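Chemist:
There are 2 protein chains.
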Amino acid sequence: MVLLLFASALLGLGIALIYYLKVSRIPLTQGIENTEEAEKLTKIHGAIARGAMAFLKAEYKYMVYFMAGFGILIALLIDDPHTPDVNEGLYTAISFLLGCVISILSGFIGMRIATIGNARTTTAAKNSIADAFYVALNSGAVMGFGLVGLAVLGLVGIYLVLEALLPGIEKHILMEVMAGFGLGGSSIALFARVSGGIFTKAADVGADLVGKVEQGIPEDDPRNPAVIADNVGDNVGDVAGMGADLFGSCAESTCAALVIGAVAFATNLEALLFPILISAVGIPISLATMFTARVKEEKDVAPALKRLLIIATALSAVVMYFVSMWALPESFEINGELYTNMDVFLSYLTGAVAGLLVGLLTEYYTSHDFKPVQEVAKASETGAATNIIFGLALGYQSAAGSILLLAASIFIPFTLAGMYGVAVAAIGMLSTLVVGLTIDAYGPVADNAGGIAEMTGMGESIRDRTDVLDSAGNTTAAIGKGFAIGSAILTSLALFSAFLTRADLLDPEANIMDSINLLDPLVLTGLFVGAMLPFLFSAMTMKSVGKAAFDMIEEVRRQFRTIPGIMEGTAEPDYEKCVGISTEAALREMIAPGILIMGTPLLVGFLFGVPAVAGILAGSLVSGGVLAIASANSGGAWDNAKKYIEKGNLGGKGTETHKAAVVGDTVGDPFKDTSGPSLNILVKLSAILSLVFVPFFIQYGGLLTGWFFFRRTCGSANPHCCLTLLLLFLKNFCVKFKDLFGS
Amino acid sequence: MVLLLFASALLGLGIALIYYLKVSRIPLTQGIENTEEAEKLTKIHGAIARGAMAFLKAEYKYMVYFMAGFGILIALLIDDPHTPDVNEGLYTAISFLLGCVISILSGFIGMRIATIGNARTTTAAKNSIADAFYVALNSGAVMGFGLVGLAVLGLVGIYLVLEALLPGIEKHILMEVMAGFGLGGSSIALFARVSGGIFTKAADVGADLVGKVEQGIPEDDPRNPAVIADNVGDNVGDVAGMGADLFGSCAESTCAALVIGAVAFATNLEALLFPILISAVGIPISLATMFTARVKEEKDVAPALKRLLIIATALSAVVMYFVSMWALPESFEINGELYTNMDVFLSYLTGAVAGLLVGLLTEYYTSHDFKPVQEVAKASETGAATNIIFGLALGYQSAAGSILLLAASIFIPFTLAGMYGVAVAAIGMLSTLVVGLTIDAYGPVADNAGGIAEMTGMGESIRDRTDVLDSAGNTTAAIGKGFAIGSAILTSLALFSAFLTRADLLDPEANIMDSINLLDPLVLTGLFVGAMLPFLFSAMTMKSVGKAAFDMIEEVRRQFRTIPGIMEGTAEPDYEKCVGISTEAALREMIAPGILIMGTPLLVGFLFGVPAVAGILAGSLVSGGVLAIASANSGGAWDNAKKYIEKGNLGGKGTETHKAAVVGDTVGDPFKDTSGPSLNILVKLSAILSLVFVPFFIQYGGLLTGWFFFRRTCGSANPHCCLTLLLLFLKNFCVKFKDLFGS
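If you read the sequences in order, they're chains A and B. One point on numbering: in numbering that gives the first Met the number 0, the residue at position 373 of the first sequence is 372, and numbering is uninterrupted. One point on numbering: in numbering that gives the first Met the number 0, the residue at position 29 of the second sequence is 28, and numbering is uninterrupted.
1) Which same chain residues, not among the five before or five after residue 321/A, have their C-beta less than 8 Å away from its C-beta?
2) Taking DSSP as the reference, what is the three-state secondary structure of residue 588/B?
3) What do you get for residue 714/B, buried or exposed, if any count of 16 or more other CB atoms within 10 angstroms of its CB means buried?
4) Inspect the beta-carbon positions of residue 482/A and residue 358/A and report whether they are closer than 9 Å.
5) Quick check on residue 396/B - is its C-beta less than 9 Å from some C-beta in chain A?
6) Any chance you could list the beta strand (DSSP E) runs of at least 3 consecutive residues sitting entirely within the stretch 648 to 699 of chain A, in chain order?
7) Measuring CB to CB, does residue 396/B end up less than 9 Å from residue 649/A?
8) Would you call the CB atoms of residue 277/A and residue 423/A closer than 9 Å?
9) Mind listing the chain B neighbours of residue 572/A? Cutoff is C-beta to C-beta under 8 Å, in chain order.
10) Helix or strand or just coil, what does DSSP make of residue 16/B?
11) For residue 138/A, would you say it is in contact with chain B, using Cβ-to-Cβ distances shorter than 9 Å as the test?
12) Where does residue 77/A sit, in a helix, a strand or coil, going by DSSP?
13) May I ask you to list the residues that DSSP assigns as paired with residue 331/A?
14) Quick one: grab the DSSP three-state call for residue 223/A.
15) For residue 528/A, which residues from the same chain have a beta carbon less than 7 Å from its beta carbon, with the 5 sequence-adjacent residues on both sides left out?
16) Along chain B, in chain order, which residues have C-beta atoms closer than 7 Å to that of residue 399/A?
17) Find the residues of chain A that neighbour residue 618/B, judging by a C-beta separation of less than 7 Å, and give them in chain order.
18) Leaving out five residues on either side along the sequence, give the residues of the same chain with a beta carbon under 8 Å from the beta carbon of residue 366/B.
19) Residue 337/B: buried (16+ other C-beta within 10 angstroms of its C-beta) or exposed?
20) For the 8 Å Cβ check, are there 3 or more pairs between the stretch 180 to 191 of chain A and the stretch 94 to 109 of chain A?
21) CB-CB under 7 Å to residue 733/B, same chain, minus the five flanking residues each way: which ones, in chain order?
22) Along the stretch 542 to 561 of chain A, what residues have a CB closer than 7 Å to any CB found in chain B?
23) Who are the neighbours of residue 409/B on chain A, taking C-beta pairs under 9 Å?
24) Taking three-plus beta-carbon pairs below 8 Å as touching, is the stretch 220 to 238 of chain B in contact with the stretch 619 to 626 of chain B?
25) Counting along the chain, where does the alpha helix (DSSP H) carrying residue 177/B start and finish?
26) So, is residue 159/B buried or exposed, given that buried needs 16 or more other C-beta atoms within 10 angstroms?
27) For residue 493/A, which residues from the same chain have a beta carbon less than 6 Å from its beta carbon, with the 5 sequence-adjacent residues on both sides left out?
28) Using 9 Å as the limit for Cβ to Cβ distance, is residue 310/A near chain B?
29) Per DSSP, residue 516/A forms a beta bridge with which residues?
30) Starting from the Cα of residue 345/A, find the closest Cα among 108/A, 317/A and 205/A and give me that residue.
31) Quick check on residue 388/B - is its C-beta less than 9 Å from some C-beta in chain A?
32) In angstroms with no decimal places, state the Cα-to-Cα distance between residue 695/A and residue 166/A.
33) Which residues in the same chain have their Cβ closer than 6 Å to the Cβ of residue 448/A, if we skip the five residues on either side of it in sequence?
34) Do you know whose CA, among 195/A, 243/A, 575/A and 468/A, lies nearest residue 47/A's CA?
35) Pull up the distance between the alpha-carbon of residue 125/B and that of residue 239/B, whole angstroms please.
36) CA-CA distance, residue 333/B and residue 263/A?
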């Protein structure tokens, strides 16, 4: 079993390497005869690649501090009193660090290939649309296969490492320690998604507002100092951010299923590692799927991408039926309920199908081929205000269908196979992750290719071809966002269940499973506070974009003012300065929302205990899910309503209607690329954090409730009262600190 | 006790009558010597009053159909099998109808006095600001005292009627039947709030877009055909809508407390009716408070209004301490827990103080004296898009503080006195209802007075005075909105508890209190679907405003085009046509969101049973609460950011910054006056509906779950399966139908 997983992981990495070589071996300036053009291309391509790496380097510095600090915190705070011979905190910290490293590595590979593939897509477009399509798709495939291969490798690797370090340990403790891996992946996703989202939108807004509006130069004009930052941003936000987000979902949903299943499958390795197997099986299936991509002319592009997703889902469904029957016992027991392997397969299927449907529904609401976006475009005729109102209403409305689909993919698996079913459905929704990531990474490559074509002045026909690629990418990006949000919600729910399972195992007397009742004051209050968190978090990220964009605007204005010859194209703007400003602002503005996400569950758990954390998680999950879908779809719809008008509908470019639509598009930018996607991280990260920190909550949690209930009972779940609890915590903390660093 | 309540109710009605006479006895054209001006004033005043009454008349037609239809539905569907000798459905229908009638009566009185007081405030402003202030305040007081007097009268009245009709009935059944009164009040609030909200914004947007933007005439210009509709709208939305909303909150929170307390206080009339006593006590306290209002010059107005609220809260707190000690037993038991009268008083106090704080926090976020709104105004400098982003972020952020305050006012009472504590806290938040309503109704009267001054061309100095009154009204309106939302959330929560209490009493074997667990698939799925509902509902109401405004725009354009001499002021526009269009559109567009609110809990309960309804209620309550606060505050902030700029800041009127702020204001209109406040109704109405329909859910509910679980169990809470259940339902339905109409 373990060998099988390893083989599949290595297969994934091997395929990624092959695609990598395939793309990178294409000479950068292939087919370009004009030396000046070639020079320009090399220069711009280099600037984007350098900018992306500069951002990564700056980000890594923050990440290293964070990893070290948070790793130590994990090692110090987590300790299961029932297993005094195992230092759970230390091993969890190791899993955490490995998760971080693998997530960082995935992001690095993605950025690398994206900045290699972009210019090569441009030059391939000189030849034919099909050539360009394959270069962009192959670049994406490096990300898809590489990331999933790394995820499987990391999960199996940490399992083997922990088994070697802790021989004979109970499986459920092993799996709980492994959850640290998911936490690592998700923490890095916080950096990548939030700071990436701020970076890309600050650069975008800055470039547009000064360049297009104030100076009247077209988009992607090389005279604009922020233009390189804008192109870097596409890679930072859409490649690294989306990749880390989905890597996190994959690692976390797998960890959740592992924790929930550990008690049932302690002696059955196939069944125990079944959750990892689902991702592993996706690798060969995706390879087979990739061969079905056929593009000859322009109209083939969008259907080809969508077909890939549908084929991958269908193939997976068939293969997974046999895999489930093979790996899982015919019937098994979790928490006193009996389930069958057929139940698990059906849960998987529900997740996979619901994921696809959520994706297609997202497309319906954000593509200008359909009525909703056209309605928003039409509303622009009466001004920016009606455009905004209709766009917001569209987002709010679109959440209804997606949530109903997700509700079905919670209810059915839950009824079939309990919490384990929900966790498997979450992994099922990610069953097409390789293909999904391929398409997601394809998008920004095509987008960048268009930008490079414009900046090097390669002429209309090339730009038209890259535009076709780009627009197909936009459609599939919408589908990808649907997947990302849907899987984030299911994953969080699975983590939520795993959190309660672990708490129940650790403290059976508190009867936590029963106390998570809507009529418990702590749960209920937590629910309210939790429901508010996504809104507060969105407000913070939206304002962060505003502040970062303001820094950028100042700098671009300064450059236009102080660099002589910049508008004539004789002097070169200082691209790197703009990249630096976006980098710095993105990392600075990420700190406050980051603390909110990571601090809230820890603080609430410490002060109010497990039921309050459960309330917070459930509240933020339900309201965050809806808000994430609404934000992403509103943003997508505003973007495409503008594009619909630019295609010549309702008067076309330059009219008042178009101007109104541009306002909507600008409002939508932080919605769809920063605050919306960041909510995925909020719901997942707070859930996995709670799962990992369960022993901490059980041992020391409920400080304030102990005090508040003083009149009646003295700490309901805890045998200690406020002060004794605090003293105990401080004493144990000091002892562990000495253990770890003293000797 | 009953006599005391009656006396207090009559006192309230008497005071209302005195204020009514005080205002209406002022001759309409007092102090106006110019006959032309007097004529104009009479004409405009008459047109507004007629328009308001025309709207009410049209609305009543719909209401009568609805009341008849829904009353019959209640009579048919509700039946407690444990009490075969009592036709609960019929008596609940009677309570329902009484609740409807009293709510309608309150709205009528409010509209009547508002349309009488508006012109009289204008003429009083000729004399002095103090005179005008008192006329407007006294008009408001008619609404405040009248409405609370009617509420107390209605509650005591229905109690006595039911006791007479059902002698010797168990108190808790009596109280459950009385909940129909709350449902009636809340149903009428649905009409008043939602259709009122659509009316006022359709008229406002229509008048502004064609008049101000297209024709370039000032606001409130009599040449604008929609100007009367706009002024009517202020009364329809802010007087009748807000009044019905708060009347609903008052009736519902009282009913919730009555139902929860009924088991404990069956033999103790003082304690049993204590919830009604809280509102009754508010009447004399408010009368005392009203005498403290002192206004001499312009700067006194806003502080005077705010002081009224603070004094009322403080006075109530003191008086309520003694009332609680007198009316409640020193200790009593609910659901197996022991509570004291001190616990109840502290719960009351928590609610009252939290209400005031939420109100003041709302003011902080929506007044341009403070930083948040100034930030939004500043963001307008970079265009409409940044204005929108910062306004939305402000709303999202502002929810944090209010929700934390509300969380405290849930947690503390819940810990002190369980569900009864929460219900009392909800009533406590409304303890200053008389004063609150007075101030709320004062606002639109002052606003209308300004409009009338403008339309009759009374000159700058009068307009300046009414502007002062109006702007003070805006501030306190913001506070009032905070109260309305906060009390709606607490009320819904109290109703939610009452709903579960009743379900538990009806079906003790299902152990419903324990099954409302976050790990129950139905509860969890319900939570998700519930969290989505407020978004869907907001989308519907926002689009409704859009459609209604579009009808209005067409009509105003048509009149400007076809009526010769309209722009020169020689021909009169057809005001009534515009009022008619707004009326028709408002009532038409209300139907779909209304069905969503009322249909969802009924359908979910029928198909999935009580736990699913509990999930839906909790989900929609938490996400709806946050969304309501965010929408109202964003809207208020945009409005005041525009006003801040119009005062000459950041360049003042006519600049690009101002134009950007106008876009925000237009977006904010449906936010703050339609979709936001309508969410209050959503959360309350679905909760009281569920409470009233508990017997229906218990007897026939869970149709689909029975079927879905078929594989494992055959209807978990029900002894019947899908088909037998359906047949039983149909049979019983026919029998009851025959009973009711056959003989």
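For glycine and all other residues, C-beta sits at the position ideal for the given N, C-alpha and C. Predicted model only: the values in this text are computed from it and were never measured.
Modeler: Judging by the given coordinates:
1) none
2) helix
3) Bear in mind that the predicted position of residue 714/B carries a pLDDT of just 38, short of 50, making it unreliable; the figure below should be weighed with that in mind. By the 10 Å Cβ count, residue 714/B comes out buried.
4) yes
5) Yes - at least one Cβ of chain A is within 9 Å of the one on residue 396/B.
6) none
7) No, the pair does not count as a contact, with Cβ atoms beyond the cut-off.
8) yes
9) The premise fails here: residue 572/A is roughly 21 Å from chain B at the closest Cβ pair, so nothing lies under 8 Å.
10) helix
11) Any Cβ of chain B closer than 9 Å to the Cβ of residue 138/A would place that residue at the interface, and such an atom is absent.
12) coil
13) 338/A
14) coil
15) 615 and 618
16) 531 and 535
17) 621
18) 372, 474, 477 and 639
19) exposed
20) Yes: the two stretches touch, three or more of their Cβ pairs being nearer than 8 Å.
21) none
22) Per Cβ criterion, the list reads 542 and 545.
23) 520, 523, 524 and 527
24) They do not touch, by the three-pair rule.
25) 170 to 189
26) Of the other Cβ atoms in all chains shown, fewer than 16 fall within 10 Å of the Cβ of residue 159/B; this residue is therefore exposed.
27) Sequence-distant Cβ neighbours of residue 493/A in its own chain, meaning closer than 6 Å and more than five residues away, are 252, 255, 421, 422 and 425.
28) no
29) 516/B
30) Answer by Cα proximity: 317/A.
31) yes
32) 24 Å
33) The residues are 117, 120, 121 and 465.
34) 575/A
35) Here the alpha carbons of residue 239/B and residue 125/B stand approximately 28 Å from one another.
36) 41 Å
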